[in-house]
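Quick note on our numbering: the sequence shown kicks off at 25 and runs consecutively.
Positions of the beta carbon are idealized from the N, C-alpha and C atoms, including for glycine.
Data first, discussion second: the structure below is written as structure tokens.
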Amino acid sequence: DHAAAAIAASGTPVFAIKGETLVDYWAYTDKIFQFGGEGGMCNMILDDGGDATLYILLGARVEEGEEDLIAVPQSEEEEALFAQIRKRIAATPGWFVKQRHAIQGVSEETTTGVHRLYDLHKKGQLPFPAINVNDSVTKS
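What follows is the structure, given as structure tokens:
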């Protein structure tokens, strides 16, 4: 779209295309964490829907031995997500755990993403602080 084209024209990387497939979507989700040269790590997730957070946390759990979490996809989206997790693990073993440890916090804008974060927190599976942007006093 026009906004993405303008951002890309300014030299800022854009990891999305109109009409992207689920495979493309999860590949682009992976790419948002690939910056800063070889071995660069993100220290924060600015999420919108919770997918970037889900990708890192689920991938780390799989690397730590919970392979059964991605054994049987229940939807076309899970099939694409699980395939991308397997692809990243094959290319860079240990990357998810290293990335999870580097993250200092996450901000989330959507109700869906916030509910995911609350659920993770309740289960003791949220390893870093989270900010619900919609309930933040700094939201304009």
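message = On a Cα-Cα basis, can you pick out the residue from Gln108, Glu100, Arg140, Tyr49 that is closest to Gln149?
response = Minimum Cα distance to Gln149 is reached at Arg140.
For Ala33 and Asp143, I'd like the C-alpha separation in whole angstroms.
The alpha-carbon of Ala33 is positioned some 39 Å away from that of Asp143.
### Query
Span of the alpha helix (DSSP H) holding Ala114?
Following the DSSP letters along the chain, one finds Ala114 inside the alpha helix (DSSP H) bounded by residues 100 to 115.
Apart from the five residues just before and just after Ile155, which ones in its own chain have a Cβ nearer than 6 Å to its Cβ?
-> Within the same chain, and ignoring the five residues on either side of Ile155 in sequence, the residues whose Cβ sits closer than 6 Å to its Cβ are Ser131.
If we ignore side chains and look at the alpha-carbon of each, how far apart do Arg124 and Phe57 end up? Their Cα atoms are separated by approximately 11 Å.
Just to confirm my understanding: we take Ile80, look at its own chain, exclude 5 residues before and 5 after, and list those with CB closer than 8 Å. What are they? Counting only Cβ-Cβ distances below 8 Å, and skipping sequence neighbours, we find Phe57, Ile69, Phe120, Gln123, Arg124, Ile127.
Next item on the list: Please report the residue range of the beta strand (DSSP E) in which Ala154 lies.
Entry: Under the DSSP assignment, Ala154 falls in the beta strand (DSSP E) whose first and last residues are 154 to 156.
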